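Undergrad:
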Amino acid sequence: MAKHFSLDKEPEELLRFNIAPSQMIRAVLALPHSGTPVLRLLKWGLVPSWARDAGIGNRLINARAETMAHKPAFRSAFQQRRCIIPASHFFEWQRLPGGNRQAHCIRLKDGSPMGFAGLWEHWPTPGADDSPPGSLFSCTILTTAANELLAPLHQRMPVILPLESYDAWLNAPSAQVASLPAPWPADTMESWPVSTRVNSPLNDDPTIMEKQKNSLRRNTISDLKEGKASV
DNA sequence: CCAGACGTTGTT
DNA sequence: GTCTGG
DNA sequence: CCAGACGTTGTT
DNA sequence: GTCTGG
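Residues in the first sequence are numbered consecutively from 16, following the numbering used here.
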């Protein structure tokens, strides 16, 4: 991880398998006067600096790369505060006819790390009786059009940056990186269906990545009532 | 000028 | 903070 | 993303 | 339906 993301030391406690929006997530970012990028914990869900309260972050978990440069909520972060979120895999939920959702796990075929393009912000936290004023550091993950592998599952996918673009994404003037976000080539990725156990962030272990076994049991009446009948 | 929004996903 | 709508 | 909550007044 | 929390 340190080598891939040019960090000056190997991070600790990196093993997470199921990170939900609103949770803390590690991101690589460039700080002024810092030679090498640093790894920081950010709250997933960007809270703009002007927000009245932090609740808006619950909805700003993604930003469309096509419009990030112009949207008031993301514009300054795009210009000044871009980051890269390391990931070994991610999940997408496929809407099935009937309304059920099938979760899928996606990763690179060769298992190498992905770097999601992101933006980060700082929001001044109001002081309270038991806590002094401070800053909330948060982030959002950029999305782009789904590639051919992901298209059957979902219309959008996270922006995955090629290794050779990391430095530019973190350090170059924004005008030079606006067109970097693009769908990752589908032929280097793979996906497989996984259990609904992934739906709970409490299940944060490697078993949520296991391929879902085909269900050979007969449909039950309750399955039919709940629209869970297999085809 | 002031007031109010500021976003994505997906579903209808 | 900055933009849009009235 | 998904899961789960979501509200006040007044009456028992 | 919409918002909040994880």
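Backbone N, C-alpha and C define an ideal beta-carbon position, used for all residues, glycine too.
As the structure is a prediction and not an experimental result, all values here were calculated from the model.
Once the 5 residues before and after R31 are set aside, which same chain residues still bring their CB inside 7 Å of it?
TA: Closer than 7 Å at the Cβ level, and outside the excluded window around R31, lie D219.
Undergrad: Using DSSP's beta-bridge definition, name the partner residues of V53.
TA: Beta-bridge pairing links V53 to L44.
Undergrad: Just to confirm the assignment: which complete alpha helix (DSSP H) runs, minimum length 4, are found wholly within the segment 67-143?
TA: Fully enclosed alpha helix (DSSP H) runs of 4 or longer: 90-95.
Undergrad: Could you name each continuous beta strand (DSSP E) segment of 3 residues or more that falls completely within the segment 184-210, going from the start of the chain to the end?
TA: List check, beta strand (DSSP E) in window: 204-209.
Undergrad: In chain order, what residues of the same chain have a beta carbon less than 8 Å from the beta carbon of G242, not counting five sequence neighbours either side?
TA: Because the pLDDT at G242 is just 47, under 50, the model does not fix this residue reliably, and the value given afterwards should be weighed accordingly. So the qualifying residues of the chain are G113, G114, N115.
Undergrad: Whose C-beta lies closer than 7 Å to the C-beta of N33 among residues of the same chain, with five residues either side of it excluded?
TA: Around N33: V213, P216, N218, D219, I223.
Undergrad: Could you have a look at P221 and say whether DSSP puts it in helix, strand or coil?
TA: Correct three-state label for P221: helix.
Undergrad: Whole angstroms are fine: how far does the CA of W59 sit from the CA of Q170?
TA: Approximately 21 Å, taken between the alpha carbons.
Undergrad: Is the CB-CB distance between P148 and P139 below 9 Å?
TA: Yes, they are a contact pair.
Undergrad: Check this for me: beta carbons of P173 and F131, under 9 Å apart or not?
TA: Yes, Cβ-Cβ distance for P173 and F131 is below 9 Å.
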